[in-house]
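> First, the structure itself, so that you have it in front of you.
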Amino acid sequence: VKGGFDSFMDKEIHDQPKAVADTLLGRTDASGDLMLDELRIPETVLRSIDKIIVIACGTAAYSGHVAKYAIEHWCRIPVEVELAHEFRYRDPILTPRTLVVAISQSGETMDTLMAVRHAREQGAYVLAIVNTHGSTIPRESDAVLYTHAGPEVAVASTKAFLAQITACYLLGLYLAQLRGTKFADEIQETLQELQALPDKIQSVLDDEAAVREVAQAMKDEPSFLFLGRHVGYPVALEGALKLKEIAYIHAEGFAAGELKHGPIALIDTGQPVFVIAPSPRGRDQLHSKVVSNIQEVRARGARTLVIAEEGDEAVVPYADILFRVPQTPTLLSPLVAVVPLQIFASELAKAKGLDVDQPRNLAKSVTVE
Ligand code: BG6
């Protein structure tokens with residue numbers, strides 16, 4: 247059942263090219279336009295929404311963070327991302343023009359379900375992005391966009407995360423198409439870039455041996471920091487979460503720009519710091535800002551583990567260890583950048599002799615509040 251892998255997590259990491267491809271499959275018509283028939287919310291409503299609130303827990307919430315960057319950029323709709331349990335117990339402002347997007351692998355997470363109920367009671371439309379057919383959250387939502395990752399067994403989410411991000415991109419591009427906030431050819435171009443992602447993820451998997459070797463060598467490290475900007479920020483958060491969940495190592499993800507506002511005080515000689523470098527081909531200053539952040543932590547003695555695009559030479563002098571990922575447009579880059587971090591966590595947990603699939607104190611689906 248583990249397909250020859252040591253753990254379900256490893257198998258599921260390797261299922262990721264297919265999880266992304268299957269989530270994209272069948273969602274365009276003959277002319278290449280996006281068609282999300284399952285999205286049974288009336289088009290008039292989707293045209294009039296003035297705010298999106300993503301609610302989720304754990305890894306699913308980080309997919310929502312990625313969605314915020316993409317949907318705001320493509321659709322010019324404000325997107326908030328909130329942990330479902332926090333959303334439920336404040337007094338969120340919801341109107342019939344609010345679209346609440348509930349993201350969940352299991353479709354059974356009680357915190358998320360309670361938030362869905364609350365949102366609907368307040369008159370908001372709720373769209374579920376869920377992996378498990380027939381689960382409770384989609385049944386209680388106005389519409390559902392299924393991720394097609396297949397069953398995920400390991401407690402630590404991997405392929406469901408990539409499928410959730412993919413579904414969020416589809417939602418964003420669909421809204422952009424419907425609301426005319428992007429030209430048809432731009433949407434087509436992004437869709438084509440998205441179609442190229444499964445092969446790119448595969449090429450990261452093909453290079454996994456190097457990541458595993460580093461993870462084994464670092465198995466006794468007591469703490470790791472993760473830095474990222476823009477969409478690299480949720481990738482940093484997810485990289486840290488994976489290490490906490492399965493390797494029981496103290497790990498924190500930070501927005502790289504926040505470094506000088508606190509976290510840099512943690513940097514001491516030998517502190518391992520992962521940095522997710524954005525594409526140097528981006529038009530803004532993202533890349534150069536992150537290169538400065540790498541220099542800053544390294545100057546204070548950190549050991550830097552840098553995830554960077556192929557061809558990015560600017561990071562080379564400051565990376566103690568460099569993991570390459572294929573060139574990808576910035577907004578889509580989390581789909582490749584997170585993969586080495588998943589492999590790293592899995593290998594490190596294994597090297598420590600831990601049960602990768604069933605970490606202590608955690609459940610795959612938390613059905614109590
Ligand atoms: C946690 C799981 O309890 O629930 C995480 O350990 C998961 O892996 C989170 O990300 C949310 O679960 P779901 O099923 O709602 O995506």
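Residues in the sequence shown are numbered from 247 upward in steps of one, following full-length UniProt numbering. Heads up, the beta-carbon is just placed ideally off N, CA and C, and yes, glycines get one too. It should be emphasised that the depicted structure is a prediction, and the values quoted were computed from it without experimental measurement.
#1: Roughly how many angstroms separate the alpha carbons of R334 and E593, rounded to a whole number?
#2: Using a 10 Å radius around the Cβ and a threshold of 16 neighbouring Cβ atoms, would you call V382 buried or exposed?
#3: Please go through the same chain and pick out, in chain order, the residues whose beta-carbon is closer than 7 Å to the beta-carbon of Q588, but skip the five residues on each side of it.
#4: Mind pulling the alpha helix (DSSP H) runs of 4 or more residues that sit fully within the UniProt domain "SIS" (460-605)?
#5: If we ignore side chains and look at the alpha-carbon of each, how far apart do L424 and D275 end up?
#6: Check for me: the beta strand (DSSP E) holding S350 runs from which residue to which?
#7: Where in the stretch 298-351 do unbroken runs of the alpha helix (DSSP H), each at least 4 residues long, occur, reported from the N-terminal end onward?
#8: Tell me, to the nearest whole angstrom, how far the beta carbon of A497 is from that of F470; I am working on the premise that it is less than 8 Å.
#9: Beta-carbon separation of V266 and T355 under 8 Å?
#10: Based on Cα-Cα distance, which residue from Y315, T341 and T358 lies nearest to H331?
#11: Determine contact between the stretch 479-486 and the stretch 303-323, defined as no fewer than three beta-carbon pairs at a distance below 8 Å.
#12: Alpha helix (DSSP H) containing V612: first to last residue?
#13: Taking the alpha-carbon of E328 as reference, which of K314, C414, F429 and T341 has the nearest alpha-carbon?
#14: As a quick exercise: from I553, Q531, L473 and L532, pick the residue whose alpha carbon is nearest that of P509.
#15: Just checking, does the stretch 369-383 make contact with the stretch 336-347 on the three C-beta pairs under 8 Å criterion?
#16: Please tell me whether, using a cut-off of 7 Å, the distance from the CB of G304 to the nearest non-hydrogen atom of the ligand BG6 is below it.
#17: Note down the Cα distance separating A389 from G599, rounded to an integer number of angstroms.
#18: Could you check if I298 is buried or exposed, using at least 16 other CB atoms within 10 Å of its CB as the buried criterion?
#19: In whole angstroms, what separates the C-alpha of I522 from that of C414?
#20: Report the rounded CA-to-CA distance for I317 versus A422, giving the unit in angstroms.
This is what the structure gives:
#1: About 36 Å.
#2: Going by the sequence as given, residue 382 is Thr instead of Val. By the neighbour-count rule (16 or more Cβ atoms within 10 Å), T382 is buried.
#3: I259, T404 and K488
#4: 478-493, 532-545 and 580-597
#5: 14 Å
#6: T344 to S350
#7: Correct list: 304-321 and 330-334.
#8: 4 Å
#9: no
#10: Across the set Y315, T341 and T358, the C-alpha of T358 shows the shortest separation from the C-alpha of H331.
#11: yes
#12: Annotation: V612 is outside any alpha helix (DSSP H) and is labelled neither H nor E by DSSP.
#13: K314
#14: L473
#15: yes
#16: yes
#17: 43 Å
#18: buried
#19: 21 Å
#20: 8 Å
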